[in-house]
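The C-terminal position of the sequence shown is numbered 233 in the numbering used here, with every residue numbered one higher than the one before it. See structure below.
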Amino acid sequence: MNSDEELAERIKIREELARREKGEKLHSYYTDEGPLRRELYSKHTQFFAAGAIHQERAAIAGNRCGKTTMSCFETSLHLIGHYPHWWEGKRFDHPVDWWAASNTGETTRNILQFALMGPMGDLGTGMVPKENIIDCSSRRGLADAIDTVNIKHSSGGVSTLAFKSYDQGREKFQGTAKHGISLDEEPNKDIYFECLTRLMTTNGLMIATFTPMSGMSDVVLLFMPELAMSE
3 MNSDEELAER IKIREELARR EKGEKLHSYY TDEGPLRREL YSKHTQFFAA
53 GAIHQERAAI AGNRCGKTTM SCFETSLHLI GHYPHWWEGK RFDHPVDWWA
103 ASNTGETTRN ILQFALMGPM GDLGTGMVPK ENIIDCSSRR GLADAIDTVN
153 IKHSSGGVST LAFKSYDQGR EKFQGTAKHG ISLDEEPNKD IYFECLTRLM
203 TTNGLMIATF TPMSGMSDVV LLFMPELAMS E
């Protein structure tokens with residue numbers, strides 16, 4: 003790479019960092035050009051496209067390969083209703099009611115909430131753009147944890163994002179229908195099926211991203227039934 007190319011690359015990186023500081027982090031991922039351009043993340047874009055066909059999707063992979071980023075990117079698109087020109091996945095033309103959940107309240111706050119919203123002192127620096135955040139309510143009993151966020155949708159309506167954790171128990175995943183649920187880390191089968199029930203009447207999306215720390219668990223085998231048949 004010559005000096006002109008190096009300078010151009012540095013400028014692109016500075017521009018992306020500036021967008022993130024302005025609450026435009028969402029638009030710095032899967033771009034046409036630059037260090038985060040789509041061609042470098044073919045498996046991610048294949049995962050997105052599969053949402054147009056499959057209600058249930060799982061990215062089952064090792065740590066530090068972008069699973070959470072991928073999930074939060076798609077979740078944010080559905081919440082705000084603005085899709086990039088290259089998007090081939092499922093689209094919602096109306097506000098959505100969504101859940102995002104992980105193992106514990108702490109991991110939900112520290113990973114999912116941070117990725118989607120940014121730190122509590124600077125909300126809007128995560129994947130959900132600052133200009134789309136209307137308001138949020140706090141989760142009781144856990145400092146700096148969000149319970150629910152109201153988000154402006156491109157249709158003029160309001161999407162709702164609620165944060166949950168598996169340690170709340172299956173009962174906390176009962177209730178009304180959802181348009182989508184993003185599960186970061188593997189739930190037990192009772193919570194998974196409870197979540198799936200919430201999607202039945204909406205034909206909503208299940209997005210699961212996790213490293214299979216429990217081996218060939220019931221949830222893993224849902225996505226890899228051939229492994230169960232081979233035993």
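We put the CB at the ideal spot given by N, CA and C, even for glycine.
Go ahead and label Asp99 buried or exposed: buried means 16 or more other beta carbons lie within 10 angstroms of its beta carbon, across all protein chains shown. Working through the sequence shown from its first residue, we reach residue 99 at position 97. Answer is buried; the Cβ neighbour count reaches 16.
Answer yes or no: do Met208 and Glu90 have a C-beta to C-beta separation smaller than 9 Å? For the purposes of this step, residue 208 is taken as residue 206 along the sequence shown, with counting starting at 1. For the purposes of this step, residue 90 is taken as residue 88 along the sequence shown, with counting starting at 1. Result no, Cβ atoms of Met208 and Glu90 do not sit closer than 9 Å.
Buried versus exposed call for Thr203 [16 or more other C-beta atoms within 10 Å across all chains shown]: As a position in the sequence shown, residue 203 is number 201, starting the count at 1. It counts as exposed.
Only counting the same chain, and skipping five residues up and downstream in sequence, which positions put a Cβ closer than 8 Å to that of Ser73? Within the sequence shown, residue 73 is the residue found at index 71, counting from 1. If we look at Ser73 and ignore the five residues flanking it on each side, its Cβ neighbours are Ala61, Ser184, Asp186, Ile209 and Thr211.
What residues match up with Glu58 in a beta bridge as DSSP calls it? Reading the sequence shown from its first residue, position 56 is the one you call residue 58. According to DSSP, Glu58 bridges with Met208.
Cβ of Asn105 within 9 Å of Cβ of Thr213? Residue mapping note: residue 105 aligns to position 103 of the sequence shown, counting from 1. Residue mapping note: residue 213 aligns to position 211 of the sequence shown, counting from 1. Their beta carbons are not under 9 Å apart, which means Asn105 does not touch Thr213 by this criterion.
Identify which residue in Ser216, Ala179, Ile82 and Glu26 has its Cα closest to the Cα of Asn152. Position 150 of the sequence shown, counted from the first residue, corresponds to residue 152. Checking every option, the nearest Cα to that of Asn152 belongs to Ile82.
Along the chain, where does the beta strand (DSSP E) containing Ile113 start, and where does it finish? By one-based count along the sequence shown, residue 113 stands at place 111. First-last for Ile113: undefined, no H or E at that position.
Would Arg40 and His46 qualify as a contact pair, given that the criterion is a beta-carbon distance under 9 Å? Start at 1 with the first residue of the sequence shown, and residue 40 comes out as number 38. Start at 1 with the first residue of the sequence shown, and residue 46 comes out as number 44. Against a cut-off of 9 Å, the Cβ pair of His46 and Arg40 comes out as a contact.
To the nearest angstrom, how far is the alpha carbon of Pro97 from that of His155? Numbered from 1 along the sequence shown, position 95 holds the residue referred to as residue 97. Numbered from 1 along the sequence shown, position 153 holds the residue referred to as residue 155. Straight-line Cα distance between these residues: approximately 6 Å.
Please state whether the Cβ-Cβ distance between Gly107 and Ser30 is less than 9 Å. Sequence index remark: in the sequence shown, residue 107 carries index 105 (1-based). Sequence index remark: in the sequence shown, residue 30 carries index 28 (1-based). No. Outside cutoff.
Given this structure, state the Cα-to-Cα distance separating Lys180 from Pro37, to the nearest angstrom. Counting from one through the sequence shown, the residue named residue 180 turns up at place 178. Counting from one through the sequence shown, the residue named residue 37 turns up at place 35. Each residue's Cα considered, the two are about 35 Å apart.
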